[in-house]
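First to last, the sequence lines map onto chains A and B. Residues in the first sequence are numbered from 95 upward in steps of one, following this note's numbering. Residues in the second sequence are numbered from 21 upward in steps of one, following this note's numbering. Glycine is no exception: its CB is placed at the ideal position from the N, C-alpha and C atoms.
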Amino acid sequence: MPARKLYFESIRVGDELPALAKAPVDRVQLSRYAGASGDYNPVHVDELYAKSVGMPSVYAPGMLVMGMLGQLISDWARGGQLRRYNVRFIKMVWPGDTVVCKGRVSDRHGSGGRYFVEIDLWAENQKGELVMKGGSQIQLFYSLEDENRQRSGQSPIVVEVPRESLVVQAPQASTSEAASSSSAPTAPEEEGDEDEDSDEPRTGASSKKTAPREKPAAKTASLPAAKKAKK
Amino acid sequence: MLDKNAIGRASPPTLNEVEKGAIRRFAEAIGDYNPIYYDEEYARASGYPTIVAPPTFPASFHSAADLRELLGVGIKSLLHAEQGFDYERPIFAGDRIYVSTRVSDVFERPNMSGKMDIAVIEDEGRDEEGNLVFRARRTLVVRAAKENV
């Protein structure tokens, strides 16, 4: 029996996704991922090679960790459709490391019968260090009733839901940036820390600044529109 | 410094056939045992036409792109700094997806030891009717072969 689905009406900004602790990464997993992805870069699978280029050992490809964080999304957003998923690689993941995937709803909005939630995502290692951060947009049915209507060819339930972002004030944001970059040194991927180019659809821009390690932050937005759900 | 002329260079579309076994092995490698990646009946009962591919599955697609050629340099190392996907729809077992790769930007970014070369590479996947299925975007730090690291 498929798991219970997630609907827009039950989600609130600030909701945390249940954390996902993955099994420790080992070299067998790195080999399997190399085979499954077709990426045989020897720094991920050949210990001798990795050492010859100055690494203490092989390390996990960023895309493997992105896959783990993707599992967090799919496990949570059952019945939803992933629209966007992007990450920045911050710190390397080594054999023996345990990746813990976390996320929080940073925004929700809907119009014209289409409903979206934005989530902030991040992954930590067993020391609580940030190894990756990112975000995602998921499209959901408003409710079970909405899904049933649409699946039977009727029009969707239309509720106008204005953006309700996690609001982070500027000083807080800069503190948190500092905090996250100080915890994210060594990796060659460090340049990802700078604000940059990204012409990725940056819809929930303000929410990007939310510090991943903060507690589920004061959400300032109330949830007015959602209550007007029509039957 | 990477050649700005690389911007816009692209590889021709390459066919990728999405196989169930490939999806299963990819999900297993991540350690993700969600039955929608393994069990056809379960996937259907969950509202999908068949087995679904995990969100990062396009990482396993191949394209005809040779980054050396596209960027016009010998490459000593590539560091993957960022990755993003935009999805028009989920990817399913049985899909036939044509993937092409394009250099969308190259630029320099200052870092602690001077400057580094950044390349932004975009992959696009389309179905046989030409409909967009996904776009993927990689930001890479490129170290050219002659540089001392």
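Discussion item. Starting from V137 (chain A), trace the alpha helix (DSSP H) in both directions and tell me its first and last residue.
Written reply: Per DSSP, the continuous alpha helix (DSSP H) segment holding V137 (chain A) begins and ends at P136 to V139.
Discussion item. On a Cα-Cα basis, can you pick out the residue from A:P256, A:S146 and A:L114 that is closest to G161 (chain A)?
Written reply: A:L114
Practice prompt. Tell me where the alpha helix (DSSP H) around G129 (chain A) begins and ends.
Written response: R121 to S131
Item to complete: Determine which residues of the segment 145 to 164 of chain A have a Cβ less than 7 angstroms from any Cβ of chain B, and write them out in chain order.
Response: G156, M157, L158, M160, G161, M162 and G164
Fill in: Given 8 angstroms, three or more beta-carbon pairs between the segment 157 to 164 of chain B and the segment 89 to 98 of chain B
yes
Worksheet item: Based on Cα-Cα distance, which residue from A:E103, A:A97 and A:G132 lies nearest to V255 (chain A)?
Response: A:E103
Worksheet item: Apart from the five residues on each side of it in sequence, which residues of its chain come closer than 6 angstroms, Cβ to Cβ, to A171 (chain A)?
Response: The beta carbon of A171 (chain A) lies closer than 6 angstroms to those of L100 and I232 in the same chain, with the five residues before and after it left out.
Worksheet item: Can you tell me whether DSSP reads G108 (chain A) as helix, strand or coil?
Response: coil
Worksheet item: Considering Q103 (chain B), what are the terminal residues of the beta strand (DSSP E) in which it resides?
Response: Run containing Q103 (chain B): I95 to Y107, per the beta strand (DSSP E) assignment.
Worksheet entry | Within chain A, the residues that T76 (chain B) reaches when beta carbons sit closer than 7 angstroms | M157, M160, G161 and G164
Practice prompt. Run the CB neighbour count on N54 (chain B), radius 10 Å, all protein chains shown included, and call it buried at 16 or more, exposed below.
Written response: buried
Discussion item. Quick check: the Cα distance between R182 (chain A) and V225 (chain A), rounded to an integer number of angstroms?
Written reply: 9 angstroms
Discussion item. Tell me the rounded alpha-carbon separation between N180 (chain A) and G228 (chain A).
Written reply: 5 angstroms
Worksheet item: Hey, out of A:S259, A:H203, A:P96 and A:R257, whose CA is closest to G173 (chain A)'s CA?
Response: A:P96
Worksheet item: Taking Cβ-Cβ distances below 8 angstroms as the criterion, which residues of the segment 58 to 69 of chain B are in contact with chain A?
Response: Y62, A65, S66 and G67
Worksheet item: In the structure shown, what three-state DSSP assignment does D86 (chain B) receive?
Response: coil
Worksheet item: E149 (chain B) to K221 (chain A), Cα distance in whole Å?
Response: 48 angstroms
Worksheet item: Is Y209 (chain A) helix, strand or coil when you go by DSSP?
Response: strand
Practice prompt. Go through its chain and collect everything with a Cβ distance to V137 (chain A)'s Cβ below 6 angstroms, but skip five positions before and after it.
Written response: A144
Worksheet item: Quick one: which chain B residues come within Cβ less than 7 angstroms of G174 (chain A)?
Response: Within 7 angstroms Cβ-Cβ: nothing; G174 (chain A) doesn't reach chain B, min ~10 angstroms.
Worksheet entry | Beta-carbon separation (whole angstroms), A113 (chain B) vs E39 (chain B), contact threshold 8 angstroms | 7 angstroms
Discussion item. Measuring only the C-alpha atoms, how far is P279 (chain A) from M149 (chain A)?
Written reply: Note that P279 (chain A) scores a pLDDT of 38, beneath 50, so its modelled location is shaky and nothing firm can be said.
Item to complete: Check the Cβ of E48 (chain B) against every Cβ in chain A and list those closer than 9 angstroms, keeping chain order.
Response: R126 and A130
Discussion item. Tell me which residue opens and which closes the alpha helix (DSSP H) that V153 (chain B) is part of.
Written reply: First-last for V153 (chain B): L152 to A164, but that is the beta strand (DSSP E), not the alpha helix (DSSP H).
Worksheet item: For chain E, is any of its Cβ atoms less than 8 angstroms away from the one on V181 (chain A)?
Response: No chain E is part of this structure, whose protein chains are labelled A and B.
Item to complete: Please state whether DSSP places W216 (chain A) in a helix, a strand or coil.
Response: strand
Worksheet item: Run through DSSP, which three-state label would P33 (chain B) get?
Response: It is coil, neither helix nor strand.
Item to complete: Flag L234 (chain A) as yes when its Cβ comes closer than 7 angstroms to any non-hydrogen atom of the ligand HEM, and as no otherwise.
Response: The ligand HEM is absent from the structure shown, which contains no ligand whatsoever.
Discussion item. Quick check: M157 (chain A) and T76 (chain B), are their CB atoms within less than 8 angstroms of each other?
Written reply: In this structure, T76 (chain B) lies closer than 8 angstroms to M157 (chain A) by Cβ.
Worksheet entry | Coarse secondary structure for D169 (chain A), derived from DSSP in three states | helix
Fill in: Cβ of S246 (chain A) within 8 angstroms of any chain B Cβ
no
Discussion item. Mapping the DSSP letters down to three states, classify K221 (chain A) as helix, strand or coil.
Written reply: coil
Worksheet item: Using the beta-carbon count (16 or more within 10 Å), is G204 (chain A) buried or exposed?
Response: Its Cβ being crowded by 16 or more others within 10 Å, G204 (chain A) is buried.
Worksheet entry | Residue environment, K24 (chain B), which counts as buried when at least 16 other CB atoms sit within 10 Å | Flag for K24 (chain B) reads exposed.
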